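Residue numbers (this note's numbering): 342 to 428. Every residue gets a Cβ at the ideal spot worked out from N, C-alpha and C, and that includes glycine. None of these values were measured; they are calculated from a predicted model.
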Amino acid sequence: MARKHEHGAGRISAAVSAAPGAAVLADLALATVLPLPGDIRLLVALLAAAPAIVLAVCLALLARSGPRAWLGSVVVGAASAAVLVLS
342 MARKHEHGAG RISAAVSAAP GAAVLADLAL ATVLPLPGDI RLLVALLAAA
392 PAIVLAVCLA LLARSGPRAW LGSVVVGAAS AAVLVLS
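1) Give me the Cα-Cα distance between G349 and G407, rounded to the nearest whole angstrom.
2) Are A386 and V417 closer than 8 Å when you measure CB to CB?
3) Is the beta carbon of A355 closer than 8 Å to that of A401?
4) Ordered along the chain, which non-local residues of its own chain (more than five positions away) have a Cβ less than 6 Å from that of V424?
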């Protein structure tokens, strides 16, 4: 049975636009809830930002479809925004 060729435009657009933003929001949320002094929290946030962005982009590209990549980015972004608002 032949499979339909699926283009990765949805995954690529999620990886380029939504995943880095969600990763930065998650990084800021992590830095907000850490029980450390302010300057140490800022240092942790800065050091964790680049690996978090790379990981988010890779996970968006590895998603099975474009909608799943977008959904993952939206869920992470919404959860991170909720943590930032509630703390």
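Taking the coordinates as given:
1) Numbered from its first residue, the sequence shown carries residue 349 at position 8. Numbered from its first residue, the sequence shown carries residue 407 at position 66. For G349 and G407, the distance between alpha carbons rounds to 7 Å.
2) Residue mapping note: residue 386 aligns to position 45 of the sequence shown, counting from 1. Residue mapping note: residue 417 aligns to position 76 of the sequence shown, counting from 1. Result no, Cβ atoms of A386 and V417 do not sit closer than 8 Å.
3) Translated into positions along the sequence shown, residue 401 becomes position 60. Translated into positions along the sequence shown, residue 355 becomes position 14. Result yes, Cβ atoms of A401 and A355 sit closer than 8 Å.
4) Translated into positions along the sequence shown, residue 424 becomes position 83. Only A370 meet the Cβ criterion.
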